[in-house]
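Here's the structure, in structure tokens; my notes come after.
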Amino acid sequence: MHWASTFAERIISERGEKKEYVCESGVTPSGFCHIGHFREAITTNLVAYALKDMGFKSRHIHMWDDYDRFRKVPANVPASYSEYIGLPDCKVPDPDGCHSSFADHFMEPFQISLADAGMKPDFLRASEQYKNGIYRDNIKISLDKKDRLIELLNSQRGGEKLSLDWYPVSVYCPKCGKDQTKVTSYDGEYGLSYSCKCGFEETADIRKANYVKLKWRVDWPSRWAELGVDYEPYGKDHGTQGGSADTGQKIIQEIFNKPPIIGVTYEFVSLKGASGKMSSSKGNVVLPSDILSVMEPDVLRYMFVKTKPSKELKIALDLDFLNVYDEFDRVETTYFSEEEIEKREKYDKLYEFSNIWGYKSLPAQPSFRFLSVIVQITSDIDRIVKILKKEGHIPKDLSETDLERIKTRAKLAANWVKLYAPDMIKFELLDTPPEVELTVEQKEGLKVISDLIQGEDLTDVELHNRIYEIATNLPIEPKKLFEAIYRVLIGKESGPKAAAFINVLEKDFVVKRFRSY
RNA sequence: GGGCUCGUAGCUCAGUCUGGUUAGAGCACCGGCCUUUUAAGCCGGGAGUCGGGGGUUCAAAUCCCCUCGAGCCCGCCA
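Add 24 to a position in the first sequence, counting from 1, and you land on the number used in my numbering.
So this is what it looks like as structure tokens:
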């Protein structure tokens, strides 16, 4: 069974049958939302999908923690932003001025990427929820049970313990907007007294003061309780024992009197070859949009679908990238084939959970590997399609969706070659004959090949065989002849398989080039 | 110090939850394909004490205990 379905089963059995299951993901938009945050979302989305797949209703909610405190100025943001520290992220201005807030600046591109990858969760904002007073009751409960909270949190704390003047809330000062406030007392009813560094002080009525926020460790379980969350994944930094997920599970039971949620710790995502955690300050963040610029969304999904959350995911952008694509195509082929295979169900789920287009039959599969060669020859999509057909990579008759996919892949392949392909497979077709020293035999060989291809159309295999024949007859080492071919076409000693490569190029061009030596 | 994950073929991994035929896949490698495939061919092949030790069982990669090694997390950076 697929891991997402296993979680779905667990949710149903442990939380009982419900009308609708709530699966939550959540991110603090205090910097670029990278591919690790993407795992947060898709690990939620897939389980919500699996629940539906099993015939239950489910909802994916994505919480934007935009009411969190602006803690530190990230890299790439002016140092002057230190003046905003203490404000909630939703009140800090966008450094680039393109969004209504600092938080929005990072939220929007992520939401777009999620949509591109077939995810449209219900986006919620913590700032709005607090403004609307959704957590008012939980704030009161937390204040009432403050001592129990302290006890509970202290039992998990290693170093310094919380003292009795700790309060489970922080207050964003209504005057200066910052949370540089200190709660001085709580009257046991609704009065919360505090003073701010800016000089402001008051006794707020927690029924009305919508700028009182629960502290993170309490905020999270409060949210689970209030929104009826059944399932939420979290990164390993939260998932460690004594971490916020752990204490959250205790708090939701002991403070808010609700059963624990189904949680899952997921491993980090990184680029193959990179080490360490991604962080904006290190400048090693990979955005979902970065991957989507070279990979189709269903293939991106596939990588997460096939990797259990507990496994670290290393995304390869080097040659292994092509293997992932090949693998996806194979899974797709299997899905649409009638062939009886073992683990049919598993393969089918891999594809169903990845595919976002709802294909009814096997779509054209222009090999990404082959495209990475073709796009270096031409950017003309009609010619690319022609070549793909000629070389038997795609069917003769193409539907609109087939054509769309070919166009998309060609574009992505071109991006991949430009951005990530190793030099070894990059080449440039030379417009003019390069100056190269060739032996008499090499020149003669090229001439014979040009006569040959001008006369007739040969298949790749035929041409390949003839090149060997020509070399043997001259005689010249085949290797030398191949070298000559690559030198005069792309100025390198080696290149794409010669016969197919020649067949893919314009015949007149090749003939003329081979004869110019 | 506490905890998590991982250790299965040269490499990347599946299989471990629900123990059961000769432990699988991809890549790599080797061989063959009218003496012939540079990055896109087809067919075939070899290969693993399942980190080590012990236990439970008719039966262990799978469950339990111990141990070694690698990586990672630990008070709001997934």
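Heads up, the beta-carbon is just placed ideally off N, CA and C, and yes, glycines get one too.
In the structure shown, Met-87 adopts extended strand secondary structure according to DSSP, grouped into three states. Cβ neighbours of Val-101 within its own chain (closer than 6 Å, five residues either side excluded): Pro-119. In terms of Cβ geometry, Arg-325 and Gly-142 form a close pair [threshold 8 Å]. Around the beta carbon of Ile-165, a 10 Å sphere encloses 16 or more other beta carbons of the protein chains shown; the residue is thus reported as buried. In the assembly as shown, Asp-203 is a buried residue. Its beta-carbon has 16 or more other beta-carbons within 10 Å. Scanning its chain for C-beta atoms nearer than 6 Å, with the 5 sequence neighbours on each side dropped, one finds around Asn-379 the residues Asp-322, in chain order.
Between the alpha carbons of Lys-338 and Arg-93 lies a distance of about 31 Å. Of the residues Lys-170, Leu-176, Arg-181, the one whose Cα lies closest to the Cα of Gly-212 is Lys-170. DSSP, reduced to helix, strand and coil, places Leu-346 within a helical segment of the structure shown.
Exclusion of the five residues before and after Phe-394 leaves Leu-412, Glu-415, His-417 as the residues of its chain whose Cβ lies within less than 8 Å of its Cβ. In this structure Leu-176 is not in contact with Lys-282, their Cβ atoms being roughly 15 Å apart against a cut-off of 8 Å. Within the same chain, and ignoring the five residues on either side of Trp-240 in sequence, the residues whose Cβ sits closer than 7 Å to its Cβ are Ser-268. In the structure shown, Phe-224 falls within a coil segment according to DSSP collapsed to helix, strand and coil.
Per the coordinates, the alpha-carbon of Val-116 lies some 12 Å from the alpha-carbon of Gly-55. DSSP places Arg-181 in the coil class of the three-state scheme, outside both helix and strand. With contacts defined by Cβ atoms closer than 8 Å, Asp-261 and Gln-180 do not form a contacting pair. The beta-carbon distance between Ser-540 and Pro-457, rounded to whole angstroms, is 5 Å. This is short enough to meet the 8 Å contact definition. A direct Cα-Cα distance of roughly 11 Å separates Glu-33 from Asp-77.
Annotated three-state conformation of Glu-428 is helix, per DSSP.
Spanning the alpha carbons of Arg-407 and Phe-62 requires a straight line of approximately 36 Å. Positions of the beta strand (DSSP E) runs, each at least 3 residues long and wholly inside the region 125-205, are given as 146-149, 193-195 in order along the chain. If the five residues before and after Val-293 are omitted, its C-beta is found closer than 6 Å to the C-beta atoms of Ile-59, Gly-60, Arg-63, Leu-337, all from its own chain and listed in chain order.
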